[in-house]
Structures are given as structure tokens and as C-alpha cells.
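The structure appears right after this line, and notes come after that.
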Amino acid sequence: MSGARVTIVVISWLALIFSISCESFAAEPKAPWQVEWDNTADAAKKEGKMVAGIPASAELRKNLSEAFAKRFPGIELELTTARGPTNASKIAAEHAAGVRYYDILISGTLTPLSLLNAGILEPVEPLFVLPEIKDPARWYGGHMWADKQKRFLYSFQAYQSENFWHNTQLMKTDEIRSYDDLLNPKWKGKIGILDPRSAGGGTSTWAFLYKIKGEEFLRRLAAQELLLSRDQRLLGENLAKGRLALTVELSYYSLAPFLKAGQPIAPLPEAKEGTYTSSGSGALSVIKNSAHPAATKIFVNWLLGKEGQEAYGKAMGQATRRLDVDTKWLVEFGTRASKDFLSVEENQKRENSSEEVLTQLWPKAIKLANELLK
Numbered sequence: 009m010s011g012a013r014v015t016i017v018v019i020s021w022l023a024l025i026f027s028i029s030c031e032s033f034a035a036e037p038k039a040p041w042q043v044e045w046d047n048t049a050d051a052a053k054k055e056g057k058m059v060a061g062i063p064a065s066a067e068l069r070k071n072l073s074e075a076f077a078k079r080f081p082g083i084e085l086e087l088t089t090a091r092g093p094t095n096a097s098k099i100a101a102e103h104a105a106g107v108r109y110y111d112i113l114i115s116g117t118l119t120p121l122s123l124l125n126a127g128i129l130e131p132v133e134p135l136f137v138l139p140e141i142k143d144p145a146r147w148y149g150g151h152m153w154a155d156k157q158k159r160f161l162y163s164f165q166a167y168q169s170e171n172f173w174h175n176t177q178l179m180k181t182d183e184i185r186s187y188d189d190l191l192n193p194k195w196k197g198k199i200g201i202l203d204p205r206s207a208g209g210g211t212s213t214w215a216f217l218y219k220i221k222g223e224e225f226l227r228r229l230a231a232q233e234l235l236l237s238r239d240q241r242l243l244g245e246n247l248a249k250g251r252l253a254l255t256v257e258l259s260y261y262s263l264a265p266f267l268k269a270g271q272p273i274a275p276l277p278e279a280k281e282g283t284y285t286s287s288g289s290g291a292l293s294v295i296k297n298s299a300h301p302a303a304t305k306i307f308v309n310w311l312l313g314k315e316g317q318e319a320y321g322k323a324m325g326q327a328t329r330r331l332d333v334d335t336k337w338l339v340e341f342g343t344r345a346s347k348d349f350l351s352v353e354e355n356q357k358r359e360n361s362s363e364e365v366l367t368q369l370w371p372k373a374i375k376l377a378n379e380l381l382k
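When the letters of the sequence shown are read in order and numbered with the working numbering, they come out as residues 9 to 382.
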């Protein structure tokens, strides 16, 4: 056989071997998670939509809807924006009537506890499919849960807000270095506080002060003739106009109109005792026997991924626990991500939104507030 013919035969054999290898490679089975994901995506498209109750933010609805539609064009997001208790009440009423409309609730951690106690929620973790969602190493502190059973209320955020703001013409930053400084007679009648007598934002600081300073401290604070209101704008206006020297529990976003107008207000440095960390509106719960189980699973995995967490955080000004999402920019807007400045252990010492805190500490603090604040 001539050299040329030998070369042709060898090349032919090599081509055949390469072809067989390629076919074998192509025939390799998909990873189990990929099979589950593909099947879930197909089923979700047939369902056509996913329904969720989310915080009352038009920007959040816009961000989530637009980003999700680009990734999953065959699945519609129907998002109801309202305060958490309002969404939870609708879900509970519909469930009692045998209606299965809502699939998901995203809210603060207090809101879904009523649904959990009524047996309306199902575990969240079984919906995790993608490796990047299941892997606890992707998350600051691993997977964190707000409920005692660590199954039903997934906390995807952890941060600290600047919530002590002062009028710079009436108070110097070094005049409040400890919470004890709030008791100075100089500030009598000059402190405004978001009303803590009903569970909500105002209760957070009040309960934290109850925890670290005790009942006697709060009795003395109440004697400072506090201005109480549930109207954040009213408190902000009083601070900006100098009727108040200090407000408690107002956030950057509450005061943004006054800051943009150049009013003399600024946040105080953190008191030496520290302040609490929160999951904000970052509690994810899943409604039992939802109408769109496949679409729900797709949304949960997307929301808890890098893209979903970026969209959520930018709209809400709150900080995710995902380690691959930049949160340092939030400092400019009065929010510090726990993952950027606290150890996990310190964050857990300061946390103010777990079921234990909400069901054991908060009721005592609210009871005391009702007694002291008139």
C-alpha cells in the first residue's frame, strides 16, 4: 500500500473515532438539577404566570417585572404592591375561601407569621434548584431563616439603617454618643419618634432599646415629652424646620425630599451601644398549594440569584446577603450591608427581626409603649 493511501486510511480512522467520541459526548446525560430546571421551565410556560404580593413600591414592581421578562419571556409576573399586612390579609381570606391565587409573599418578617401560624405556608428550600441558589457559600451567613423551624421565612437581606437624624442647627453630632444622652433635659420636647405602639418600623428601635437599655431607660425616655406620629413626613418636616432636634426611626428615603431641598438635617454617628440589624422587606414565603407551582419555583430561583437580588436591592435601597452582589454603594443612602462591615456573629447578636424577637421581645416592648406613651 502506498504512503498516500496509508495516510488516507489513517485520517479516515481518526475522523471515525472523533465522530464516535463526539456522539458519545453529546449523549452524556444532563446533571439532575439541569433536567429538573428544564422540566420546570417548560411547565412554568404552560402555567403562564406567577402571582406575588410585594412591598408597596412602584419602582420595585417595575424593576422585577422588566428584569424577569427579559430572562423568562413566557412567564408573566402579576405583582400586587401593598403593605405587607394588606397582602397577607388577602392571602389568608382567599385561602379560607378555598381560593388559590397568590403564590408568593415578600415582606417584612412579622407579616407572614400569621400565615405560618395558620398553616398557609410551605417550606421554601425544596424550591431551590440552581446550584448557585442551593450553595450556602454564596450567602453571607449561609442560608438564614426568620422562623424558629428554619424552613418557611427565608431572609435574603441583612443590613443596618441610619435611623437617628438630627437638625444640625440645634444639635451637634458629639452631643449624642450614647443612648443615655437622649435623657439630657436639654432635649425635652425636642425628640420625635415614629410611634412604636403598633408593630412596625417605630417598634424596631423601641424594642431594641428595651433589649439593651431596659425598662427604666424607656420610662425616662418617655418622660422627655416625645412627639409621636405615624406620619413620617410630618416628623421630617418638624425636624427640618427646627421644631425637633432629633428624630428616631426615620430612614434616608423618608427624609430624602428635605435633604434634596438642602434642609439642615444629617444622620447621627452610631451610638456606642450599637444599633440593630434588619432583614427589612426581605422575607420570602411561599403559599401552600399555589396555583402556579412551576412558575413559583422559577421565580424563587431567579429572585435569589445575582440578577434578582440586584434588581430588588436597587429598587428598595436595602442590602442583600448575596456575596456576589455589590452593596457598598448603599452607604450613600443610609444603608450599610451587614456583609460589608459586621461579622456573622455580630449581625446575629444585633438582629431584630427573627420570630423569637418578634414574638417574645416585641410584645413586651409594645405593652410598655402603650403604658408610657399617650
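Each residue gets a CB set at the ideal place from its N, CA and C atoms; glycine is no exception.
Because the structure is a prediction, the values reported are computed rather than measured.
DSSP, reduced to helix, strand and coil, places Arg330 within a strand of the structure shown.
DSSP, reduced to helix, strand and coil, places Ile83 outside both helices and strands of the structure shown, so it counts as coil. By the neighbour-count criterion, in which 16 or more other beta carbons inside 10 Å mark a residue as buried, Asp143 falls on the exposed side. The DSSP assignment places 84-89 and 112-115 as complete runs of the beta strand (DSSP E) inside the stretch 81-154, in order along the chain (cut-off: 3 residues). Counting only the Cα atoms, Arg330 lies some 18 Å from Gly116.
Contact check for Phe341 and Val256: beta-carbon distance about 19 Å, past the 8 Å limit, so the pair fails to qualify.
The residue from Lys372, Leu381, Gln356 and Glu224 with its alpha-carbon nearest to that of Tyr167 is Gln356.
For Pro131, same chain residues with a beta-carbon under 8 Å away, outside a window of 5 residues either side, are Arg159, Phe160 and Val294 in chain order. Taking the Cβ atoms as the reference, Leu254 lies roughly 6 Å from Met179, within the contact range of under 8 Å. Here Ser262 is not near Asn360, since their CB atoms are 7 Å or more apart. Residue range Ser346 to Phe349 is occupied by the alpha helix (DSSP H) that includes Ser346. Ile199 places its beta carbon 7 Å or farther from that of Gln177.
The beta carbons of Leu243 and Leu258 sit closer together than 7 Å. Per the coordinates, the alpha-carbon of Arg358 lies some 5 Å from the alpha-carbon of Thr285. Put simply, the stretch 91-103 does not touch the stretch 46-59. Fewer than three CB pairs are less than 8 Å apart.
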